[in-house]
Every structure is written in C-alpha cells, then in structure tokens.
Amino acid sequence: MSSPRRLGAPEAKNRGVLMDAAERLMLEQGWAAVTSRRVAEYAGLKPQLVHYYFRSMDDLFLDLFRRRAEQGLETLAQVLKSDRPLHALWEFSTDTTAARFTMEFVGLANHRPAIRAEVVRYSEQFRAAQTEALGRLLNGYGVDTGRFPADVLSVLMTSAARMVVLEQALGMTAGHAETFTFAEREIGFLENGA
Numbered sequence: 001m002s003s004p005r006r007l008g009a010p011e012a013k014n015r016g017v018l019m020d021a022a023e024r025l026m027l028e029q030g031w032a033a034v035t036s037r038r039v040a041e042y043a044g045l046k047p048q049l050v051h052y053y054f055r056s057m058d059d060l061f062l063d064l065f066r067r068r069a070e071q072g073l074e075t076l077a078q079v080l081k082s083d084r085p086l087h088a089l090w091e092f093s094t095d096t097t098a099a100r101f102t103m104e105f106v107g108l109a110n111h112r113p114a115i116r117a118e119v120v121r122y123s124e125q126f127r128a129a130q131t132e133a134l135g136r137l138l139n140g141y142g143v144d145t146g147r148f149p150a151d152v153l154s155v156l157m158t159s160a161a162r163m164v165v166l167e168q169a170l171g172m173t174a175g176h177a178e179t180f181t182f183a184e185r186e187i188g189f190l191e192n193g194a
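Residue 49 in full-length UniProt numbering sits at position 49 of the sequence shown, and the numbers go up by one each step.
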C-alpha cells in the first residue's frame with residue numbers, strides 16, 4: 001500500500017503566491033485558462049509545486065473561492081459600520097472585480113459539482129447576511145419594507161453588478177452609468193433623510 005501524497009503547509013508563502021497567480025489569471029483570461037502550468041508560470045514557480053500544495057485543480061479553485069468568500073463576509077461586516085452604510089453596501093455589492101470573480105466561478109461551477117456546491121453555500125450565506133443588513137438599514141430609514149422588501153433589493157443590487165460585468169465583457173455600456181447614478185441618487189435621499 002502506498003503512503004498518502006505529502007502536501008505543502010496551508011500557510012506556506014508559495015501556496016499564497018500560487019493562489020494569487022491563479023486569481024490574477026482567472027480575472028484576466030477566465031477560469032478555463034487556469035491550469036497548473038499557467039498558474040506556475042504566472043507565479044514564477046515550477047509547475048509541480050501546484051500539485052505539491054493542492055491535491056487537484058479543484059482543490060486550488062475551492063481554496064481560492066473560499067479565501068475570497070471569507071474576505072467578502074469580512075468586508076460586508078466592515079461596510080455596515082460605515083457612516084453611510086447603505087451607500088457602502090451598494091458600492092460593495094456592485095464592485096465589478098468581485099462580480100467578475102463570481103461570474104468566473106459560476107461558469108466553472110457549471111462543469112464541477114463540488115465547486116457548484118461551494119458557490120451555492122457561500123452565496124446563500126452572503127445573501128442572508130446582506131438581506132438581514134438591508135432590512136435593518138431600510139427599517140432605520142423608515143422605508144416600507146412591505147413595498148420594498150430587503151430580499152428583493154438584495155437580489156437587484158447583486159444582479160446590477162453581474163449584468164454590468166457581463167455586458168462590459170461584450171463591449172456594451174448603454175444604461176450602465178444611468179443605472180448607477182439613479183441608485184446612488186436614491187440611496188443619497190434615504191441616507192440624508194430627504
């Protein structure tokens with residue numbers, strides 16, 4: 001019986017360098033470009049190190065996603081402490097780099113069930129936290145949450161960012177600036193009590 005393959009330590013510097021390289025590669029060229037050879041090349045390391053730190057490419061993708069997901073939950077908590085929490089939540093929810101990262105993982109999840117399960121798990125956790133925060137903020141601003149439900153607004157905020165990323169990838173820009181101007185104006189009215 002063979003012994004289990006040895007893996008590098010989770011906190012090792014090269015492991016982080018490989019994850020950073022995989023993320024850059026994914027954002028620049030898409031998830032399909034993220035291979036062990038390309039990741040190593042981007043990181044300036046030998047290709048065999050990818051498999052020293054990760055049992056499989058799925059493990060690399062999962063760790064990369066989890067790292068960003070945890071950062072997202074931490075950022076959400078910080079955003080809610082802002083002087084203008086609704087505005088900060090809008091900016092966070094419409095960050096195009098984060099949306100691009102998520103969309104790449106949605107594409108990858110269509111082909112890899114383990115990744116799909118993790119994307120769904122985190123997305124539901126994030127949506128619940130975002131909806132709960134929105135509900136508190138809207139109630140604090142005196143908004144009729146029967147007419148403007150927090151869960152609906154949460155979906156609309158996230159969808160706006162994802163749609164802009166998709167359309168920008170195609171070269172479309174129509175309505176983007178107007179949508180963001182509209183949302184920011186309405187958020188300003190709420191936060192300033194107008």
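Backbone N, C-alpha and C fix where the C-beta goes; we use that ideal spot for every residue, glycine too.
On a predicted model such as this, the values are computed, not experimentally measured, just so you know.
Under the three-state DSSP convention, the category residue i falls into
i: residue 92; result: helix
i: residue 238; result: Any property of residue 238 remains undetermined from this structure, which presents the chain solely from 1 to 194.
i: residue 149; result: coil
i: residue 72; result: helix
i: residue 36; result: helix
i: residue 136; result: helix
i: residue 14; result: helix
i: residue 54; result: coil
i: residue 113; result: helix
i: residue 85; result: helix
Proximity below 8 Å, CB of residue i to CB of residue j
i: residue 133; j: residue 80; result: yes
i: residue 39; j: residue 21; result: yes
i: residue 104; j: residue 30; result: yes
i: residue 60; j: residue 43; result: no
i: residue 53; j: residue 112; result: no
Member of the options whose CA lies at the smallest distance from the CA of residue i
i: residue 58; options: 161, 115, 31 and 169; result: 115
i: residue 178; options: 189, 37 and 160; result: 160
i: residue 163; options: 100, 140 and 145; result: 100
i: residue 23; options: 47, 154, 150 and 98; result: 98
i: residue 123; options: 37, 36, 65 and 184; result: 65
i: residue 193; options: 169, 143, 152 and 158; result: 143
i: residue 84; options: 147, 16, 140 and 107; result: 140
i: residue 118; options: 28, 14 and 67; result: 67
i: residue 107; options: 32, 183 and 185; result: 32
i: residue 131; options: 157, 82 and 110; result: 157
Contact set for residue i: own chain, Cβ-Cβ below 8 Å, skip 5 residues either direction
i: residue 1; result: Residue placement at residue 1 is flagged as unreliable, the pLDDT there being 48, under the threshold of 50; a coordinate-derived value is accordingly withheld.
i: residue 173; result: 167
i: residue 126; result: 69, 72, 73 and 76
i: residue 176; result: 164, 167 and 168
Own chain, CB closer than 6 Å to residue i, minus 5 neighbours either side, in chain order
i: residue 34; result: 22, 25 and 26
i: residue 37; result: 47
Same chain, Cβ closer than 7 Å to residue i, five either side skipped, listed in chain order
i: residue 165; result: 96, 99, 100 and 103
i: residue 138; result: 145, 148 and 150
i: residue 181; result: none
query = How do the stretch 88 to 95 and the stretch 144 to 152 stand: do at least 3 beta-carbon pairs fall below 8 Å, yes or no?
reply = no
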